[in-house]
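The structure under discussion appears below in the form of structure tokens.
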Amino acid sequence: ATPAATMVGTAIGAQNGVLFKGGDILERAKDVDTVVFDKTGTLTEGEMELTDVVAFDADDRPVPDGGTAAADSGIPATSGRLTEDDVLRLAAAAESASEHPLARAIVEGAEERGLEVSDPESFENVPGHGVRATVDGDEVLVGNRKLLRDNGVDPAPAEETMERLENEGKTAMLVAHVPADADEGVLAGVIADADTVKESAEEAVTALHERGTDVMMITGDNDRTARAVAERVGIDPENVRAEVLPEDKSDAVEAIQAEGRQAMMVGDGVNDAPALAVAHVGTAIGSGTDVAIEAADVTLMRDDPVDVVKAIRISDATLQKIK
Ligand code: ADP
Ligand code: MG
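Each residue of the sequence shown is one higher than the last, beginning at 491 in full-length UniProt numbering.
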């Protein structure tokens, strides 16, 4: 393109809230044949809400709604039995030191239910897996299957409950409890958070498909939840890369590009920054973190996924006219 055309394209972008960091980037965007979306905060609002709390009885069976294990099974209560409120209170206390959106939703959900959330005596963040904390002298784990397995608690009895919630597109988290006087942890329950898919996410995916662009999704969330969300926005479940650890996101984008694709990565989080940097074009959501915006080539000033299509279309149009 001529410098004049590039300037016009850049200006049209700016008017539409699409900021290209330079003319070379505007030119590069036309070659994008694959758009890789981060899930949380990019395709979804990133505002989690607590949706489900399930308590497990001493035999690791989910307790029917609202009941305690003792009340529903006819078995006398023992100190090992927890109610739904107990499960939520423990999880919220463990998560109160975490800034993760999943954690904030759990704490807010507990407070909304009028539960008193205590501060943990100790707290450890396990990136990509969950948290480990000491609450009232007991060890508490909140996170995914791997977190429990790595800490000697078998997540298998919760599998049916986990899968049911995940198929609904929710992020299900296991809660395990290791009482101070016990040396083995027990499964206490399952908690689920859900996020809302952005209104225009499906429209953006459809428009990209119409251009002949492949659309993929990458997330640290589990495969079942990720596929359920993908299906909702029209992304082929085959194109979902789930359970990708924060430090592995850029490798995942490099692997996609190693297939000969020219990828645009779209993300919002600190986690996404390295992936934005290695992508053919990195695009940050304007409401995202500064780290993501700095690493990106394009910033979308609105939070609208449709602006991803606009960015590419402006590049297509600018370069077509000048050939
Ligand atoms: P994402 O890329 O979707 O933001 P993360 O890489 O932060 O996901 O986390 C991956 C998974 O690890 C989550 O889906 C969840 O199962 C678990 N996890 C991470 N942080 C927490 C937390 N604070 N509490 C509970 N589970 C967590
Ligand atoms: Mg994100």
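From the three backbone atoms N, C-alpha and C, an ideal C-beta is built for every residue, glycine too.
The structure displayed is predicted, hence computed values, not measured ones.
Contact between the region 641-653 and the region 667-677 (3+ Cβ pairs under 8 Å): Under the three-pair Cβ rule at 8 Å, the region 641-653 counts as touching the region 667-677.
Cβ neighbour criterion (16 or more within 10 Å) applied to residue 780: In the sequence shown, residue 780 corresponds to position 290, counting from 1. Exposed, by the Cβ-count rule.
In angstroms with no decimal places, state the Cα-to-Cα distance between residue 539 and residue 498. The sequence position of residue 539 within the sequence shown is 49, counting from 1. The sequence position of residue 498 within the sequence shown is 8, counting from 1. One C-alpha to the other measures close to 43 Å.
Could you give the DSSP three-state label for residue 751: helix, strand or coil? In the sequence shown, residue 751 corresponds to position 261, counting from 1. In the three-state DSSP reduction, residue 751 falls in the coil class, being neither helix nor strand.
Between the alpha carbons of residue 732 and residue 494, how many angstroms are there, rounded? Looking up residue 732 in the sequence shown gives position 242. Looking up residue 494 in the sequence shown gives position 4. Cα-Cα distance, rounded: 42 Å.
Residue nearest to residue 651 in terms of C-alpha spacing, selected from 597, 546 and 527: Locating residue 651 in the sequence shown gives position 161, counting from the first residue. Among 597, 546 and 527, the Cα nearest to that of residue 651 is on 546.
Start-to-end residues for the beta strand (DSSP E) that takes in residue 715: On the sequence shown, residue 715 is found 225 positions in, with the first residue counted as 1. Element bounds for residue 715: not the beta strand (DSSP E) but the alpha helix (DSSP H), 713-723.
Taking 7 Å as the cut-off, is the C-beta of residue 667 nearer than that to any heavy atom in ligand 1? Position 177 of the sequence shown, counted from the first residue, corresponds to residue 667. False, no ligand heavy atom lies under 7 Å from that Cβ.
Shorter than 7 Å, the distance from the beta carbon of residue 806 to the closest heavy atom of ligand 1, or not? Here the question's residue 806 lines up with position 316 in the sequence shown. When distances are taken from the beta-carbon of residue 806 to the heavy atoms of ligand 1, even the shortest one reaches 7 Å or more.
Neighbourhood of residue 692 by C-beta distance below 7 Å, restricted to the same chain and skipping five residues each side: Position 202 of the sequence shown, counted from the start, is the residue given in the question as residue 692. For residue 692, where only same-chain residues beyond five positions count, the Cβ hits under 7 Å are 723 and 724.
Beta-carbon proximity check, residue 541 vs residue 684, cutoff 8 Å: Counting from one through the sequence shown, the residue named residue 541 turns up at place 51. Counting from one through the sequence shown, the residue named residue 684 turns up at place 194. At a Cβ-Cβ threshold of 8 Å, residue 541 and residue 684 count as neighbours.
Taking DSSP as the reference, what is the three-state secondary structure of residue 743? For the purposes of this step, residue 743 is taken as the residue at position 253 of the sequence shown. The three-state secondary structure of residue 743, taken from DSSP, is helix.
Assuming residue 785 contacts residue 772 (C-beta within less than 8 Å), just tell me the rounded distance between them. Along the sequence shown, one-based indexing puts residue 785 at 295. Along the sequence shown, one-based indexing puts residue 772 at 282. Rounded, the Cβ-Cβ distance is 6 Å, consistent with contact.
Among 778, 804, 782 and 802, which has the Cα closest to the Cα of residue 792? If you number the sequence shown from 1, residue 792 lands on position 302. Ranking 778, 804, 782 and 802 by Cα distance to residue 792 puts 778 first.
For residue 601, which residues of its own chain have a beta-carbon under 8 Å away from its beta-carbon, when the five flanking residues on both sides are left out? What you label residue 601 is simply residue 111 of the sequence shown in a count that begins at 1. Correct list, in chain order: 582 and 607.
To which residues of the same chain is residue 814 closer than 6 Å at the C-beta, ignoring the five residues directly before and after it? The structure shown does not extend to residue 814, since the chain is modelled only from 491 through 813, so no value can be given for it.
Between 533, 594 and 531, which has its C-alpha nearest residue 490's C-alpha? The chain is shown only over 491 to 813; residue 490 falls outside these bounds and no answer can be derived.
Starting from residue 667 and walking both ways along the beta strand (DSSP E), at which residues does that stretch end? Position 177 of the sequence shown, counting from 1, holds the residue named residue 667. Note, residue 667: beta strand (DSSP E), 661-668.
Along the chain, which unbroken stretches of the beta strand (DSSP E) at least 3 residues long are found entirely within the region 760-787? 771-775, all fully within the region 760-787.
Pairwise C-alpha distance: residue 703 and residue 696: Counting from 1 along the sequence shown, the entry for residue 696 is found at position 206. Counting from 1 along the sequence shown, the entry for residue 703 is found at position 213. Cα to Cα, the separation comes out at about 10 Å.
Indicate the three-state DSSP secondary structure (helix, strand or coil) for residue 538 in the structure shown. Locating residue 538 in the sequence shown gives position 48, counting from the first residue. When DSSP states are grouped into helix, strand and coil, residue 538 belongs to the coil group.
Every unbroken alpha helix (DSSP H) within the region 627-708, with a cutoff of 4 residues, ordered by chain: Within the region 627-708, the complete alpha helix (DSSP H) runs of at least 4 residues are 635-640, 649-657 and 691-701.
Would you check if the distance between the CB atom of residue 526 and the CB atom of residue 574 is smaller than 8 Å? By 1-based counting over the sequence shown, the position of residue 526 is 36. By 1-based counting over the sequence shown, the position of residue 574 is 84. No, the pair does not count as a contact, with Cβ atoms beyond the cut-off.
Taking the alpha carbon of residue 576 as the point to measure from, which residue in 626, 620, 535 and 617 has its own alpha carbon closest? Position 86 of the sequence shown, counting from 1, holds the residue named residue 576. If we check each option's Cα against that of residue 576, 626 comes out closest.
Apply the 10 Å Cβ neighbour rule to residue 686 and answer buried if 16 or more other Cβ atoms are within range, or exposed otherwise. Along the sequence shown, one-based indexing puts residue 686 at 196. With fewer than 16 other Cβ atoms within 10 Å, it is exposed.
Does residue 612 come out as helix, strand or coil in the three-state DSSP assignment? Translated into the one-based positions of the sequence shown, residue 612 becomes position 122. DSSP places residue 612 in strand when its eight states are reduced to three.
Relative to the alpha-carbon of residue 665, which residue among 646, 656, 699 and 630 has its alpha-carbon at the smallest distance? The sequence position of residue 665 within the sequence shown is 175, counting from 1. Comparing Cα-Cα distances from residue 665 to each of 646, 656, 699 and 630, the minimum goes to 630.
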